[in-house]
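A short worksheet on the structure shown next.
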Amino acid sequence: MHRGPAVLHSPELLGYIMAFQHGVYADMRAFVGLENPLEKSLRVVTIEGRARTDRAFGRIDRVLTPWFAVESRDTRLAKLFACMPHMQDIVVLHAVYAGNVQLLRTLHTLSLGNLLTTPHALLDLAAFNGQLEALRYLHVHVGHTGCTSLATDLASQHGHLAVVEYLDEMGNVDGSVWAMNGAAENGHLDIVRFLHLHRPDTCNLEWALEYAAADGHVHVVEYLHAMLGPEECSTRAMDGAARNGHLVMVDWLHSNREDGCTTGAMDWAAAKGHLDVVQFLHTNRSEGCTTSALDMAASGGHLDVVQWLHGNRTEGCTTSAWDDAAANGHLEVVQWLHANRDEGCTGWALTWAAEKGHMNVVRFLVDHRDEGDVGDALEAAVRMDHTDVARLLRRRLDTR
0 MHRGPAVLHS PELLGYIMAF QHGVYADMRA FVGLENPLEK SLRVVTIEGR
50 ARTDRAFGRI DRVLTPWFAV ESRDTRLAKL FACMPHMQDI VVLHAVYAGN
100 VQLLRTLHTL SLGNLLTTPH ALLDLAAFNG QLEALRYLHV HVGHTGCTSL
150 ATDLASQHGH LAVVEYLDEM GNVDGSVWAM NGAAENGHLD IVRFLHLHRP
200 DTCNLEWALE YAAADGHVHV VEYLHAMLGP EECSTRAMDG AARNGHLVMV
250 DWLHSNREDG CTTGAMDWAA AKGHLDVVQF LHTNRSEGCT TSALDMAASG
300 GHLDVVQWLH GNRTEGCTTS AWDDAAANGH LEVVQWLHAN RDEGCTGWAL
350 TWAAEKGHMN VVRFLVDHRD EGDVGDALEA AVRMDHTDVA RLLRRRLDTR
């Protein structure tokens, strides 16, 4: 009797034989390129941006979710982890991030995924994404201890009040001043109020007000102002609001607080193109601005702001206005400065415009200005492979 066919009909024996084969199971090939989204610390990942974190977990979800829909978790997870050990952390982190308590329960019941020994602070991750049930399961049923002050900070920053309340009930979770700062910065008044009432030791109301003001959250600023009373904050509140173009916030601070601002308020409002804020500060405040206002407005291509500052302020500008406008390709600003201002530019205007490939700016400068070295500009254009600009500059050199 031939035993070969009999072996092939025995799933148990066939499994033992295939365990010695090299390669990856067909249903697991899609996992080969997956990377741990928390290879860096959660703090670093969140600093890099929420959108990037969501994209990283989204890539995992698009592969794992269809696989779980077909494969039996109980029978295939152990195989997956044996075949691809790096998938243990990825599956666990995805389950926590997505709030998949059923999967966490399976992992815990089958002693898979190292829920207790993983180096990742899973409670922090659950708090970050507002997954209260996953957080509760890990804390109560698994006994996972991966919870730091980052949990409260991140839950507060992202507006997860129920998570913040639960972390407070746990009693042994510290928070930092960045919990209220993050909540205030993102307009989460309910969390600001909760932290102020229940975790006053971690709150700095002055800082929180400044963060809320910079992002234009008037309702949060009103609450913090009522709690602070006449106590001073700093000029950073109005400076930040002006920089980010929040005119209503600037008006409110001007009318209700005595902190004032610095010249940075108008300078940065101009830099960002917020003409309405510039005009308000000019009319209602006495701090004024510096030459940086017109310089940075020109650099950003905000011609309307440049024209208004020229007509209504006396600070003027420097050669940086021309140089940076040219470097950033703002031809209309360069033309206007040439026609209306006397500061001129430096040789960097032509070189930077050539280096960035701004053909129209380069043509205007060589036609109307004598600053700059055409040879240096040509070298920059060639180095950056701007062939049209290089051709123009060579012709100018040949005709000199």
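Residue numbers (numbering that gives the first Met the number 0): 0 to 399. Note that CB positions come from ideal geometry on N, CA and C, so glycine has one too.
- Separation of the CB atoms of alanine 150 and alanine 126 is rounded to 4 Å, and the pair is thereby assigned contact status at 8 Å.
- Note that the C-beta distance between leucine 188 and leucine 204 is not below 9 Å.
- Per DSSP, reduced to three states, the secondary structure at tyrosine 222 is helical.
- Non-local C-beta neighbours of serine 110 in its own chain, meaning closer than 6 Å and more than five positions away in sequence, are absent.
- Annotation: aspartate 266 to alanine 29 spans about 52 Å, alpha carbon to alpha carbon.
- If you check the CB distance, leucine 103 and leucine 137 come in under 9 Å.
- Exposed is the label assigned to valine 247, since fewer than 16 other Cβ atoms lie within 10 Å of its Cβ.
- In the three-state DSSP reduction, glutamine 130 falls in the coil class, being neither helix nor strand.
- Here methionine 295 carries a helix assignment [DSSP, helix/strand/coil].
- Two segments are said to touch when three or more pairs of C-beta atoms, one from each, lie closer than 8 Å; by this definition the stretch 72-83 does not touch the stretch 116-131.
- A distance of 9 Å or more separates the beta carbons of arginine 58 and leucine 76.
- For the alpha helix (DSSP H) assignment, the uninterrupted runs of no fewer than 4 residues enclosed by the stretch 148-175 are, from N- to C-terminal side, 148-156 and 160-169.
- Per DSSP, the continuous alpha helix (DSSP H) segment holding glutamate 331 begins and ends at 330-339.
- Burial check for serine 254: the Cβ neighbour count within 10 Å stays below 16, so the residue is exposed.
- Under the 8 Å Cβ criterion, the stretch 300-317 does not count as touching the stretch 343-353, having fewer than three qualifying pairs.
- Looking from the CA of glycine 299, the closest CA among Glu354, Ala269, Ala25 and Cys288 belongs to Ala269.
- One Cα belongs to threonine 108, the other to leucine 114, and the distance between them is close to 11 Å.
- If you compare the alpha carbons of Leu63, Glu230, Asn243 and Leu134 with that of glycine 98, the shortest gap goes to Leu134.
- DSSP, reduced to helix, strand and coil, places cysteine 344 outside both helices and strands of the structure shown, so it counts as coil.
- With a 10 Å radius around the Cβ and a threshold of 16 neighbouring Cβ atoms, alanine 296 comes out buried.
- Cβ atoms of valine 388 and phenylalanine 363 stay farther apart than 8 Å, at about 12 Å.
- Scanning its chain for C-beta atoms nearer than 6 Å, with the 5 sequence neighbours on each side dropped, one finds around leucine 396 the residues Val373, in chain order.
- In this structure, the alpha-carbon of histidine 309 lies about 22 Å from that of aspartate 238.
- Annotated three-state conformation of glycine 374 is helix, per DSSP.
- Taken through DSSP and simplified to helix, strand or coil, lysine 271 comes out as coil.
- Annotation for asparagine 359: the continuous alpha helix (DSSP H) segment containing it runs 358-367.
- Nearest neighbour of alanine 320 by Cα position, chosen from Arg54, Asp294 and Asp303, turns out to be Asp294.
- Per the coordinates, the alpha-carbon of valine 191 lies some 10 Å from the alpha-carbon of arginine 198.
- Between asparagine 171 and glutamate 230, the alpha-carbon positions lie close to 32 Å from each other.
- The beta carbon of aspartate 258 is closer than 8 Å to those of Glu231, Cys232, Ser233, Thr234, Ala236, Met237 and Leu252 in its chain, skipping five residues each way along the sequence.
- Assigned with DSSP and collapsed to three states, tyrosine 24 falls in coil, not helix or strand.
- In this structure valine 276 touches alanine 241 by the C-beta definition: roughly 5 Å separates them, less than 8 Å.
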